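J.: Sending over a structure as structure tokens; questions will come in a sec.
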Amino acid sequence: MKKNLIVFAVLTLVISITVQAQESIAKYKGTWEYTCNDAPYGFQTGKIVIEKVGDKYKSTTLYEDGSQNVADAVKVKNGMLIIETYVEGNFIKVELKKKESKLTGLVYTNEGSLDIVAKKKK
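To convert, count from 1 in the sequence shown and add 698; that's the working numbering.
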């Protein structure tokens, strides 16, 4: 009996943590118009689309020239949305913090970090 109760408690905790993680990503869901002034030409402005596909979240970045990048590594950690992907063969990590309808943060590249700001598109 005690063993069943412990298993039930652990399962409940795991499900609760999973739901909380998904809910925290859910607040970033939507289309965000971004500006990253120090990025290379063609990557300075665009859109970041955060959406739920099946039971996972993904991020699609749409660039000025019409190209796009899809990232499946999307998570929230310590109140920051973290997107990890490869752009033109280079690893990129984006950390964004939400305040009202604005995201601010940094894009980490192998050449350094860049400031990024995104506003929720209506």
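Just so it is clear, CB atoms sit at the ideal spot from N, CA and C, and this is done for glycine as well. As the structure is a prediction and not an experimental result, all values here were calculated from the model.
If the criterion is Cβ atoms closer than 8 angstroms, does the pair G800 and V815 meet it?
T.: Correcting the residue type first, residue 800 is Lys in the shown sequence and not Gly. Yes, these two residues count as a Cβ contact at 8 angstroms.
J.: CB-CB under 6 angstroms to E793, same chain, minus the five flanking residues each way: which ones, in chain order?
T.: Correct list, in chain order: M778, I780, G803, L804.
J.: So who's on the other strand from Y732, going by DSSP bridges?
T.: In DSSP, Y732 forms a bridge with G744, A816.
J.: Following the continuous beta strand (DSSP E) through A771, name the residue where it begins and the one where it ends.
T.: Taken as a continuous stretch (DSSP letters only), the beta strand (DSSP E) holding A771 covers 771-775.
J.: Using only the alpha-carbon positions, how far apart do E731 and E782 sit?
T.: So the two alpha carbons sit approximately 18 angstroms from each other.
J.: Taking 7 angstroms as the limit between beta carbons, can you name the residues of its chain near T807, skipping five residues before and five after?
T.: If we look at T807 and ignore the five residues flanking it on each side, its Cβ neighbours are N788, I790.
J.: Quick one: Cα of Q766 to Cα of P738, how far?
T.: Their backbone Cα atoms lie some 15 angstroms apart in a straight line.
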